[in-house]
């Protein structure tokens, strides 16, 4: 772990310079342990790092980092994080999967194959940001690797399911976006009825499940 | 019901406290008063607890009718303000009685004012704070809405106590500011020549200045690389996008991002920045991190 001061009351811990699922698991393990420290005001984890914002009246940065290091030593990374699996019903029709054709041409696979590859794996949360509850999930099968759009769409409809590089995500609300839209889910992942307003938990695992247009409509989906 | 009634609203008026913390990892921004110094002074003058809510006011036109016997204070930007047709000053507590009318006219200097009442307003917290996030539609009186005509903010009766901040300590706002910078994040991706240019330039605040960020115009600052693996973004971060024009990230900034950052502006200087406006001149100056920590400790201890 590399410690670097960031501001008067925050520092960053770098775990790697490469994105890797095992590094990500380690980061999240540690995040779970330190999240409720009373010296910590905010903490945000991302692909390869954790930023800690602390109360300078309660501790010093180095002191806090030493404390975090002690916890890290005790991490048992072979133990499961206790990831809760969330199934995301998704309609992969062309009326909601605006970029299905584009992706099909880009990776030279039929749409059926794209759906099969997308739904065949459990995805892990690498990072949350950009918007509340926008989780960067991964990793996709390498055959599904795509580039982002040349220029972002001004408006991606809420609940769109998208892919870019080796990541996939669900747009929690309508917003601009540069990822390839391949489907839509009838489930609202961002909703005030949930704790923290989000269905997404740091420890969630996701699996997409292909559903028909009828099922999509029955579950409250909007086209 | 005791409190204050909004007879006329003014654009962008919001209810704020010191911010929403503990949810940043969920992508939920801190929100909160942009000028924490002015906001804290208001609570200190009224002997309120440190996180009491306040109205952040950007423009004149706000007209309030009191349905309570209490006290209030105005801090931050200087507006022409009248209490029952009598001009009143910032940084001084005033008694307000049932039926009194408080009205904000033209802004004279600074950018945002804080109207604080004794003990703050009684508003339901959302995710631990009453701060309004327009972007996220959270907080305030009604899911992240601006304060509007007809709104009612509950507060209680209290005995008036006169308190004021002497003129010499009252902040004076101008149209130029030097921001102190802690060199961190990707500072080593900037050549010495680019660093020199950054500190020697005078930048201008563009019209893209809001609770998320302050975009500057001026010299382009080049870094050896423009993208990095996305990481958490601290308050006051100076992002250098592809076009090289610095962007200072504030209360409602994106929580993570992949653009390089030159360093971070001292939080106390970010509060001063929030009193600047479009066309204000900005310069930067380096500050050592230990010195920066001392300053924040002093600030926090002053308001304990």
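Protein chains in written order, with this note's numbering: chain V, 77 to 299; chain P, 22 to 325.
For glycine and all other residues, C-beta sits at the position ideal for the given N, C-alpha and C.
This structure is a prediction, so every number in the text was calculated from the model and none was measured.
Quick check on residue i: does DSSP put it in helix, strand or coil?
i, result
"residue 119 of chain V", "strand"
"residue 201 of chain P", "strand"
"residue 26 of chain P", "strand"
"residue 195 of chain V", "helix"
"residue 169 of chain V", "coil"
"residue 110 of chain V", "helix"
"residue 43 of chain P", "coil"
"residue 111 of chain P", "coil"
"residue 235 of chain P", "strand"
"residue 98 of chain V", "helix"
"residue 136 of chain V", "coil"
"residue 295 of chain V", "coil"
"residue 178 of chain P", "coil"
"residue 209 of chain P", "helix"
"residue 179 of chain V", "helix"
"residue 129 of chain P", "strand"
"residue 271 of chain V", "helix"
"residue 247 of chain V", "coil"
Chain P beta carbons: is any one of them nearer than 8 Å to that of residue i?
i, result
"residue 98 of chain V", "no"
"residue 198 of chain V", "no"
"residue 109 of chain V", "no"
"residue 127 of chain V", "yes"
"residue 147 of chain V", "no"
"residue 179 of chain V", "no"
"residue 104 of chain V", "no"
"residue 232 of chain V", "no"
"residue 272 of chain V", "yes"
"residue 236 of chain V", "no"
"residue 132 of chain V", "yes"
"residue 121 of chain V", "yes"
"residue 188 of chain V", "no"
"residue 117 of chain V", "yes"
"residue 201 of chain V", "no"
"residue 80 of chain V", "yes"
"residue 124 of chain V", "yes"
"residue 278 of chain V", "yes"
For my contact list, residue i and residue j are in at a C-beta cut-off of 8 Å; report their separation, rounded to the angstrom.
i, j, result
"residue 277 of chain P", "residue 251 of chain P", "5 Å"
"residue 286 of chain P", "residue 261 of chain P", "With a Cβ gap of about 13 Å, residue 286 of chain P and residue 261 of chain P do not count as contacting."
"residue 84 of chain V", "residue 288 of chain P", "7 Å"
"residue 22 of chain P", "residue 272 of chain P", "Not a contact, Cβ separation roughly 31 Å."
"residue 237 of chain P", "residue 266 of chain P", "6 Å"
"residue 76 of chain P", "residue 135 of chain P", "7 Å"
"residue 161 of chain P", "residue 50 of chain P", "Actually they are not in contact, since the Cβ atoms of residue 161 of chain P and residue 50 of chain P sit about 14 Å apart, beyond 8 Å."
"residue 237 of chain V", "residue 258 of chain V", "6 Å"
"residue 53 of chain P", "residue 38 of chain P", "6 Å"
"residue 191 of chain P", "residue 111 of chain P", "7 Å"
"residue 58 of chain V", "residue 176 of chain V", "Here chain V covers residues 77 to 299 and nothing more, so residue 58 of chain V does not appear."
"residue 119 of chain V", "residue 46 of chain P", "6 Å"
Measuring only between beta-carbons, confirm whether residue i sits less than 8 Å from chain V.
i, result
"residue 53 of chain P", "no"
"residue 252 of chain P", "yes"
"residue 227 of chain P", "no"
"residue 313 of chain P", "yes"
"residue 97 of chain P", "no"
"residue 268 of chain P", "no"
"residue 295 of chain P", "no"
"residue 257 of chain P", "yes"
"residue 307 of chain P", "no"
"residue 287 of chain P", "yes"
"residue 157 of chain P", "yes"
"residue 310 of chain P", "yes"
"residue 317 of chain P", "yes"
"residue 321 of chain P", "yes"
If we count the other Cβ atoms within 10 Å of its Cβ and call it buried at 16 or more, is residue i buried or exposed?
i, result
"residue 7 of chain P", "Chain P is shown from 22 up to 325; residue 7 of chain P falls before or after that span and cannot be answered."
"residue 69 of chain P", "buried"
"residue 176 of chain P", "buried"
"residue 291 of chain P", "buried"
"residue 200 of chain V", "buried"
"residue 199 of chain P", "exposed"
Next item on the list: Check distances from the C-beta atoms of the segment 204-219 of chain V to those of chain P and list, in chain order, the residues that come in under 9 Å.
Entry: Here the close residues are 204, 205, 206, 207, 208, 209, 210, 211 and 212.
Check: Got a sec: which bits of the segment 32-52 of chain P sit with their beta carbon under 9 Å from any beta carbon on chain V, in order along the chain?
Finding: Of all residues in the segment 32-52 of chain P, only 42, 43, 44, 45, 46, 47, 48, 49, 50 and 51 place a beta-carbon less than 9 Å from a beta-carbon of chain V.
Notebook entry, point to check: If you measure beta-carbon to beta-carbon, which residues of the segment 270-285 of chain P are closer than 8 Å to chain V?
Noted result: Here the close residues are 275, 276, 277, 278 and 285.
Checklist line | Contact set between the segment 200-213 of chain P and chain V, restricted to residues whose Cβ is under 9 Å from the partner | finding: Within the segment 200-213 of chain P, the residues whose Cβ lies closer than 9 Å to some Cβ of chain V are 203, 205 and 206, listed in chain order.
Margin query: At a CB distance below 7 Å, what residues from the segment 54-78 of chain P approach chain V? Give them in sequence order.
Written below: Along the segment 54-78 of chain P, there is no position whose C-beta sits under 7 Å from a C-beta of chain V.
Notebook entry, point to check: Closer than 7 Å, Cβ to any Cβ of chain P: which residues of the segment 84-96 of chain V, in chain order?
Noted result: Of all residues in the segment 84-96 of chain V, 84, 85, 86, 88 and 95 have a Cβ within less than 7 Å of some Cβ in chain P.
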